[in-house]
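Going letter by letter, the sequence shown gives residues -21 to -1, 1 to 83 in mature numbering (1 follows the signal peptide of the UniProt record, and there is no 0).
One structure is given here, and the rest of the page talks about it.
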Amino acid sequence: MKIPFPCMMLFIMLSLLIVEGEVSVVPAPAPTPESCICNVMELVPCANAYTTSTPPSPQCCERLKEQQPCICQYMNDPTIRTLINTPNAKMVSDFCGSPMPNNC
């Protein structure tokens, strides 16, 4: 299976950020009942949908819903924000039924 270039680039960028210590896996500031652990790498299945007009996969939607409590944390991190705040981000969120918070 060939991995689309935008997905591979997003994965590489996120991997490098984690290795360099720029991005860390941090518990959500306000833990949810599900005890969500914020890990931006969980959104890798959404890379293609964020960077192209391809609809998000079921796996992307599942991960996006799991990471929903972390979206503000991601949006407030300038490094991560550029990866997930794309023109398609609202479309992906709406498609998955996991709206982007507007009060971050």
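Ideal Cβ placement from N, Cα and C applies to all residues, glycine included.
As the structure is a computational prediction, the values presented were derived from the model and not from experiment.
Give me, in chain order, the residues of the same chain whose beta-carbon lies closer than 6 Å to that of residue i; leave out the 5 immediate sequence neighbours on both sides.
i, result
"S72", "P78, M79"
"I63", "Y53"
"P66", "none"
Near residue i, what residues of its chain come up, given a Cβ to Cβ distance below 8 Å and the 5 sequence neighbours on each side ignored?
i, result
"C75", "P35, C39, C40, L43, K44"
Take residue i as the anchor and find which of the options has the nearest alpha-carbon.
i, options, result
"E21", "T30, T33, Q47, S32", "Q47"
"K69", "C17, Y53, A28", "A28"
"P24", "S32, I16, C17, P37", "P37"
"T61", "C15, I16, A26", "A26"
Is residue i helix, strand or coil by DSSP?
i, result
"C17", "strand"
"N27", "helix"
"D56", "coil"
"C83", "coil"
"E45", "helix"
Ignore the nearest five residues each way along the sequence and tell me which others in residue i's own chain have a CB closer than 7 Å to its CB.
i, result
"N55", "C83"
Give the C-beta separation of residue i and residue j to the nearest angstrom, bearing in mind that I take them to be a contact with Cβ-Cβ under 8 Å.
i, j, result
"V19", "I59", "5 Å"
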